[in-house]
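Student:
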Amino acid sequence: MPAKVLAPRLAAIVGERRVLARQSELFTYTADGLPGYRKHPAIAVFPGTRDEVVRVVRTLAELRVPFVARGAGTGLSGGALADGAVLLGLQRLTRIVDVDVENARAVVEPGVVNSVITRAVAGHGLHFAPDPSSQAACTIGGNVAENAGGPHCLKYGVTLNHVLALTVVLPDGEIVKLGNPAGESTGYDLLGAFIGSEGCFGVVLDATVKLTRDPQGIRTLLADFMDVDDAARAVSGIIAAGVVPAALEMMDNPTIRAVEASVYAAGYPTDAAAVLLIEVDGLAAGVDADARRVEQICRDARARGVRVASDADERARLWQGRKKAFGAMGRVAPHLVVQDAVVPRTKLPETLAAIRAIGEKHGVMVCNVFHAGDGNLHPNIPYDATDPDEARRVEAAMSEVMRVCIEAGGTITGEHGVGLDKLGYMPLVFSEDSLATMCRLRDVFDPERRANPGKVVPVHSCREWGRHAAVAPRLADRSPAVVPVPEAPWSRLREETLRIREEIRAAIESRTPLRIVGAGTWLDAMRPVDAERRLEVRDGDIVDYVPGDLTMTARAGASLAALAAAARENGQCIALDPFGSERGTLGATLATASAGPLAHAFGTPRDNVLGVELVTGEGTIARGGGRVVKNVAGFDLTRLAIGSWGTLGVITEATLRLRALPERDATVALALPAQPRQTADVLARLRALPLAAWTLEVIDAAVARAVGVGDRPLVLARLAGNEPLVAAQERELASLGDLLTIDGAVWDRLRTIEPPGATVVRVSTLPVALPALLADALAPEALASRTLLHATLSRGVIRCILPPDALGVLTALVARTREHFASPRTWVWEKLPPEEWSALAPPPLGDRLARRVRDAFDPQRVLNPGILGEVVA
Amino acid sequence: MKDWSTGTGRMPRAAVSEPPLADTHSARTACAVPGTPLDLAKAGIDACVHCGFCLQACPTYLSLQDENDSPRGRILLMRAVVEGSLAPDDPSVREHIDRCLGCRGCETACPSGVPYGHLLEATRATIARDQPFVARLVLWVFGHEWALRPALAAARMLRATRIPAVLGRLPGKLGLAMSMLDSTRSEVKRAPYEPRGSAARGSAAILRGCVMEGLFTETNRATERVLAVNDWSVVDAPGQRCCGALHAHAGDLESARALARANDDAFERSGAETIAVNAAGCGAMMKEYAQLLADDPAYAARAAALSARVRDVTELLAVAGPATGGALPLTVTYDAPCHLQHAQRVVAPPLAVLRSIPALTLVPLVESDQCCGAAGIYNLVKPEISEAVLEPKLAHIARTGAALVATGNPGCLMQIGAGLARSRSAARTVHPVDLLDASYAAGQSPARKRE
């Protein structure tokens with residue numbers, strides 16, 4: 073499409089001034105934040121409103137023109153470069169549409185700068201947690217596209233964990249809503265799949281983001297070391313000790329000197345081999361003990377000095393230096409390679425040593441500034457690209473660095489994305505089948521592949537290409553020569569994975585649908601499955617567990633109880649405690665996305681799984697994610713598989729994030745008043761209390777009886793952490809009523825209260841509306857006496873367990889909430905008598921996108937057909 | 012490699028053995044505009060790693076929302092000219108380079124120490140520019156003392172008629188110019204007082220400045236008085252000229268150098284140990300004489316010595332305390348002139364001066380470090396953009412509820428002053444020194460505060 077034709081069409085939408093077609097004015101848009109690449113867009117268009125964005129995208133769809141969305145152009149993988157495509161600039165969409173302080177969320181347009189959100193809500197004691205170093209410039213649209221991290225994602229999680237819903241316009245012009253801003257998400261996790269899709273799935277029109285309460289206390293420590301190895305050991309020591317710092321960053325000497333020469337000089341000792349910038353935060357009562365522990369670990373690792381920031385100004389200075397370090401590299405040499413890779417945290421010392429050796433071998437200077445707590449390395453090499461010899465040495469060194477990281481069990485990008493820069497590395501961490509499966513997912517959103525073409529997955533990554541990866545063409549200006557890594561993670565397929573693939577292929581062949589079965593504890597959940605044959609997932613081995621990394625890879629047939637026991641031996645735990653039998657398997661927990669009380673603090677399975685292996689309904693073995701705690705390589709098959717109820721593939725293996733068991737772990741019960749109105753009042757006050765509880769579960773009197781803790785409604789809380797932290801929380805809770813300490817075994821009993829054949833439904837709403845929903849709509853008189861009711865407070869989810877003969881109550885309940893409760897609410901049906909499904913629950917696969925996902929992954933409907941209520945042809 | 016500006020030079024080379032740093036790269040890169048000021052400034056372009064941290068610090072980017080109007084975008088345009096991808100006379104290059112206010116807000120946001128102000132001047136001196144008549148006229152007048160004096164005298168006479176106050180309501184450039192002129196009337200009424208000080212801090216010569224002496228005469232006298240109260244002996248420096256900032260910013264580096272040499276001669280002759288400047292733009296220029304005349308064998312060393320002695324008046328006052336005067340029960344907010352905040356990096360002293368005044372309430376101004384859009388004569392050349400940049404500033408000022416906006420630069424005083432008047436605000440602008448002077452007048456015999 074020549075620019076001459078396109079420009080007037082676009083100008084008619086956005087105005088003449090907002091379409092750039094002159095080469096001279098497009099020059100500025102030939103680069104993003106990654107130095108070294110320049111790609112010329114055909115034309116650039118800058119819509120100013122959401123409506124204009126939609127009209128532009130629809131015009132481009134009509135004309136079948138490829139486009140690349142761009143925010144502030146601060147990305148570091150070349151993801152926003154438009155090579156001959158239309159550049160769609162979103163930096164003018166800067167409206168903060170809504171701030172909901174009560175429910176701690178905000179709706180923002182894609183061009184809103186990350187730090188502007190925090191500034192806008194600062195007066196309310198809230199902030200937006202993802203804090204990429206470019207947060208003073210980068211936009212939310214870009215954060216969503218890249219699944220941006222930042223120093224504080226060590227404790228608070230990445231963008232994925234902080235976006236509740238998105239409105240997006242698909243490349244074909246359709247507007248879809250992903251996620252649920254006011255309750256539980258149902259259906260496939262397309263929100264999770266979209267976040268981190270690097271602009272290949274569509275354009276964000278608005279994002280509903282979660283706001284995080286400011287920590288009561290913060291301690292920022294600067295530890296300096298005369299030896300990089302010592303610093304790396306201190307990092308491993310802190311992680312292994314189970315302290316979860318808010319951030320744990322490392323800078324080496326060349327980086328320190330570059331920063332200290334800049335306007336952001338922070339007072340880092342310029343003679344140190346490395347410094348660690350460590351922040352612990354949380355309730356005021358707990359931070360000092362954590363800070364002391366961290367300091368001791370650093371000193372034991374031979375830190376020369378440990379300094380604690382004395383006030384907010386000093387803390388800000390220490391952080392400014394760290395966050396602007398990448399920019400400061402410009403002082404060292406005219407060009408810069410910015411790298412991003414992740415290794416398991418226990419491998420940090422040896423990886424850093426290997427990187428140093430590679431630098432020496434090639435005579436290049438490697439500057440390390442990185443998120444040490446996550447094992448997320450950023451080895452940067454300042455150099456002079458006009459010196460061909462130096463440029464060649466830099467390229468060789470970088471390629472070797474990546475190889476070292478992959479061989480250590482890591483991945484090729486933790487937060488910068490694949491974009492253009494990492495394209496050539498993709499076949500090193502993903503098999504040809506995995507890449508092809510990722511292409512399938514892309515095609516669901518963008519069958520014409522017009523959105524950000526040529527990024528993330530190598531263009532020729534259809535099956536026939538991957539085999540020739542070793543002789544792959546150079547894909548980008550400076551893309552690395554593809555060096556095959558011996559023993560790639562995907563080259564060792566387990567016996568059972570191959571068996572499952574064969575069974576699925578046979579099922580496709582014979583058109584015999586399969587019912588996927590683990591331990592068989594979930595067979596009464598969701599809609600009845602129309603399948604005669606069973607596909608059993610039996611392998612329950614723990615494949616890989618290095619306690620120091622706080623990650624565990626296990627086969628899907630493992631029971632959660634077995635995994636929990638293995639973790640407990642090492643003072644760790646898995647934050648998955650779904651309701652139901654403890655014999656339930658890992659695979660079933662993930663496929664059903666079942667969550668328990670721990671979701672209050674740690675989120676649901678989507679927030680705890682780092683990677684999966686699955687066999688799709690096409691009989692393809694694919695891997696999503698990896699085994700390290702931070703990973704944005706490739707499209708997110710992991711989030712897609714979780715909660716898909718087996719309809720897209722059989723999960724055969726997963727890697728979990730583990731948590732360290734705390735110094736003190738106390739379970740307490742807060743008695744609630746008998747009157748529902750008063751209960752609502754206490755729960756509202758509870759929400760406002762400064763707590764850092766692992767669980768806050770409200771249970772009604774019937775549940776209390778069932779688990780043997782009296783016979784009145786209670787809030788069950790699991791308080792975990794260091795001694796002062798737990799004590800402080802006990803005091804806070806006691807301010808609301810009688811508090812009694814009970815045995816932690818209550819949690820296991822709570823998971824198994826439902827009688828066989830029970831009907832189970834969940835209803836969710838905005839957190840602030842939950843007390844009212846509990847008190848009004850679900851008031852005891854509305855329920856049969858044998859109904860069990862409990863709720864996870866921060867999630868806004870109430871779970872109702874009804875006896876088999878109480879369906880009438882349920883129908884009345886649904887009607888009653890409709891009548892009495894104005895806030896939005898979402899019903900999720902876990903278990904119903906088979907004949908009631910069609911009457912009570914509309915099929916979740918009503919939308920086009922979900923149907924397309926199913927079509928792409930299981931076109932023959934051989935996996936669990938009917939379970940999601942789709943019409944089987 | 013040249014050390015570009017104070018404290019932000021390139022990283023010092025370490026003594027320990029390490030792979031060689033490439034700092035001779037500029038010699039290897041072919042340049043499409045050899046021998047031009049831009050060619051000489053090329054190393055500064057190379058320092059940019061394109062991180063984008065400057066975007067949110069740039070008033071024209073925030074107003075126009077196009078990266079061509081951002082520091083990063085302009086640096087890419089400069090790079091394109093150096094590399095030969097774009098011609099020096101490319102209209103797009105000219106347009107976006109012209110649109111820069113030169114506030115240098117990007118420099119205090121830049122981790123890499125890109126000397127943006129110098130790059131801008133070098134670019135303007137290199138590319139073909141077609142300056143509007145107003146700009147050429149103003150530069151010519153400021154460059155010729157015999158034309159400047161009568162022009163300013165005429166302006167004072169016009170101001171006395173109060174006609175500008177009326178015409179200032181008119182839309183367009185005439186209204187703006189008249190309103191700016193009217194805003195220079197001294198707002199602070201004060202009784203005469205006899206400044207008594209010990210002269211113990213040594214001698215200071217004051218840069219009288221063109222607009223300052225012509226239209227803010229009373230502020231210059233106030234500057235002499237408050238320095239005297241704070242123990243400086245104020246000496247005269249006859250023969251001093253316009254500082255040359257307007258010329259340098261416009262890319263007329265030769266005229267700027269001529270003026271710099273004249274000032275060098277004059278201030279050397281005065282024998283003053285310190286040069287006090289009360290106009291942020293002029294102070295920034297004089298502190299950069301060292302770089303401006305670095306290639307002039309006769310003046311390089313002398314200019315460096317002069318630059319080292321230049322101080323903003325508030326820096327001198329802050330060092331002295333300053334002495335406490337009488338009560339001034341006013342509500343004041345402070346807006347930082349870009350050339351004080353970003354170019355000179357003088358941030359705390361003006362606030363210290365204002366805080367020293369008894370009974371004065373200082374209300375913080377949101378985004379006080381952002382440009383007001385004055386930028387020398389930019390507001391007369393590009394009034395639409397200038398107004399768009401000023402708009403948020405006026406809104407922030409309104410929210411403070413302050414009666415006076417203190418700021419230490421004539422351009423800002425007039426731009427904000429005119430903006431307030433034309434938006435029917437009751438607030439007025441004032442130089443911090445005038446407030447301190449009024450406080451001394453109110454106290455008559457100021458109580459001495461000794462450190």
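Taken in order, these protein sequences are the chains called V and H.
Start counting the first sequence at 73; every next residue gets the next number (our numbering).
Start counting the second sequence at 12; every next residue gets the next number (our numbering).
No residue lacks a Cβ here, since even glycine has one placed at the ideal position from N, Cα and C.
Bear in mind that the values here come from a model prediction, so they are computed numbers and not experimental data.
1) Check this for me: beta carbons of Pro416/V and Ala457/V, under 9 Å apart or not?
2) My parser needs the alpha helix (DSSP H) runs of 4 or more residues fully inside the segment 168-236 of chain V; what are they?
3) Rounded C-beta distance between Val331/V and Gly393/V? I'm assuming under 8 Å.
4) Which bits of chain V does Phe144/H rub up against, with CB to CB less than 9 Å?
5) I'd like to know if Ala209/V contacts chain H, where contact means its C-beta is closer than 9 Å to some C-beta of that chain.
6) By DSSP, does Arg272/H sit in helix, in strand, or in coil?
7) Determine, for Gly683/V, whether the minimum Cβ-Cβ distance to residues of chain H falls below 9 Å.
8) Under 8 Å, CB to CB, which of the residues in the segment 390-402 of chain V have a partner in chain H?
9) With a cut-off of 9 Å, does the C-beta of Glu284/H fall near any C-beta of chain V?
10) Strictly under 9 Å for the Cβ-Cβ distance: is His484/H near chain V by that measure?
11) Using a Cβ cut-off of 9 Å, pull out every chain H residue sitting near Ala663/V, in sequence order please.
12) If we define contact as Cβ-Cβ less than 9 Å, is Gly289/V a contact residue for chain H?
13) Tell me, please, which residues DSSP counts as bridged to Gly354/V.
14) Scan the segment 92-108 of chain V for residues whose Cβ lies nearer than 7 Å to a Cβ of chain H and list them as they occur along the chain.
15) Can a CB atom of chain H be found closer than 9 Å to the CB of Gly689/V?
16) Glu8/H and Gly213/H look like a contact to me (Cβ under 8 Å); what is the Cβ gap, rounded to whole Å?
17) Output yes or no for whether 9 Å exceeds the beta carbon distance between Leu607/V and Arg587/V.
18) By the 10 Å Cβ neighbour count, where 16 or more other Cβ atoms means buried, how is Lys395/V classified, buried or exposed?
19) Following the continuous beta strand (DSSP E) through Trp901/V, name the residue where it begins and the one where it ends.
20) Indicate the three-state DSSP secondary structure (helix, strand or coil) for Met296/H in the structure shown.
21) Compare the C-beta of Ala145/V against all C-beta atoms of chain H and say whether one is closer than 9 Å.
22) Just tell me which of Val516/V, Val275/V, Gly782/V and Ser895/V has its CA closest to the CA of Gly255/V.
23) Would you call the segment 782-789 of chain V in contact with the segment 709-716 of chain V, where contact means no fewer than 3 C-beta pairs closer than 8 Å?
24) For Val149/H, tell me which candidate among Gly292/H, Ala261/H, Phe278/H and Ala338/H has the shortest Cα-Cα distance.
25) So, for Glu568/V: in the same chain, excluding its five sequence neighbours on each side, which residues have a beta-carbon less than 6 Å away from its beta-carbon?
26) Buried or exposed, going by whether 16 or more other CB atoms sit within 10 Å of the CB of Asp493/V?
27) Going by beta-carbon coordinates alone, are Cys253/H and Glu156/H separated by less than 9 Å?
28) Is the number of C-beta pairs between the segment 719-727 of chain V and the segment 679-698 of chain V that are closer than 8 Å three or more?
29) If the cut is a Cβ gap below 8 Å, which residues of chain V does Pro394/H touch?
30) Evaluate contact between the segment 162-172 of chain H and the segment 278-294 of chain H, counting only Cβ atoms and requiring at least three cross-stretch pairs below 8 Å.
31) Against chain V, does Pro99/H count as a neighbour if the rule is that its beta carbon must be under 9 Å from one of theirs?
32) How about Thr119/H: is its C-beta nearer than 9 Å to some C-beta of chain V?
33) Quick check: what's the CA-CA separation for Cys69/H versus Pro287/V?
34) Can you look up Asp930/V in the DSSP assignment and give me helix, strand or coil?
35) Can you tell me which of Val335/V, Gly268/V and Leu912/V puts its alpha carbon nearest to the alpha carbon of Ala884/V?
36) On the CB-based measure, 16 or more other CB atoms within 10 Å of its CB, does Phe297/V come out buried or exposed?
Tutor: Inspection of the coordinates gives the following:
1) Taking 9 Å as the Cβ cut-off, Pro416/V and Ala457/V do not qualify as a contacting pair.
2) If only uninterrupted alpha helix (DSSP H) runs of at least 4 residues are considered, those enclosed by the segment 168-236 of chain V are 186-193, 212-218 and 225-228.
3) Taking the Cβ atoms as the reference, Val331/V lies roughly 5 Å from Gly393/V, within the contact range of under 8 Å.
4) Those do not exist, as Phe144/H stays about 25 Å from chain V at its closest Cβ, beyond 9 Å.
5) By this cut-off, Ala209/V is an interface position.
6) Reduced to three states, the DSSP call for Arg272/H is helix.
7) No, Gly683/V does not count as interfacial toward chain H.
8) The segment 390-402 of chain V vs chain H, Cβ under 8 Å: Lys396, Ala397, Phe398, Gly399, Ala400, Met401 and Gly402.
9) Glu284/H has a beta carbon lying at 9 Å or more from every beta carbon in chain V.
10) Shown here, chain H extends from 12 to 462; a query on residue 484/H therefore has no answer.
11) Within 9 Å Cβ-Cβ: nothing; Ala663/V doesn't reach chain H, min ~41 Å.
12) Taking 9 Å as the threshold, the shortest C-beta distance from Gly289/V to chain H does not fall below it.
13) According to DSSP, Gly354/V bridges with Gly289/V.
14) If the cut-off is 7 Å between Cβ atoms, the segment 92-108 of chain V has Arg94, Ser96, Glu97, Phe99, Thr100, Tyr101, Ala103, Gly105 and Pro107 near chain H.
15) Judged by the 9 Å Cβ criterion, Gly689/V is not in contact with chain H.
16) The displayed coordinates of chain H run from 12 to 462. Any statement about residue 8/H would go beyond what the structure contains.
17) Arg587/V is positioned such that its CB atom lies closer than 9 Å to that of Leu607/V.
18) It is buried - the Cβ of Lys395/V has at least 16 other Cβ atoms within 10 Å.
19) Arg897 to Lys903 is the extent of the beta strand (DSSP E) around Trp901/V.
20) In the structure shown, Met296/H sits in a helix (DSSP, three-state: H, G or I).
21) Before going on, a small fix: residue 145/V reads as Gly here, not Ala. Taking CB atoms only, Gly145/V has a neighbour in chain H less than 9 Å away.
22) Selected option, being the one with the closest Cα: Ser895/V.
23) Counting Cβ pairs under 8 Å, fewer than three are found: no touch.
24) The shortest C-alpha separation from Val149/H is found at Ala261/H.
25) Excluding residues up to 5 positions away in sequence, Asp611 lie with their Cβ nearer than 6 Å to the Cβ of Glu568/V in the same chain.
26) So Asp493/V counts as buried.
27) The Cβ atoms of Cys253/H and Glu156/H lie closer than 9 Å to each other.
28) Inter-segment contact for the segment 719-727 of chain V and the segment 679-698 of chain V is present: three or more beta-carbon pairs are separated by less than 8 Å.
29) Those do not exist, as Pro394/H stays about 17 Å from chain V at its closest Cβ, beyond 8 Å.
30) In short, these stretches do not touch, since the Cβ pair count stays below three.
31) No, its Cβ sits nowhere closer than 9 Å to a Cβ of chain V.
32) By this cut-off, Thr119/H is an interface position.
33) Approximately 32 Å between the Cα atoms of the pair.
34) It is coil, neither helix nor strand.
35) Cα-wise, what sits closest to Ala884/V is Leu912/V.
36) Buried.
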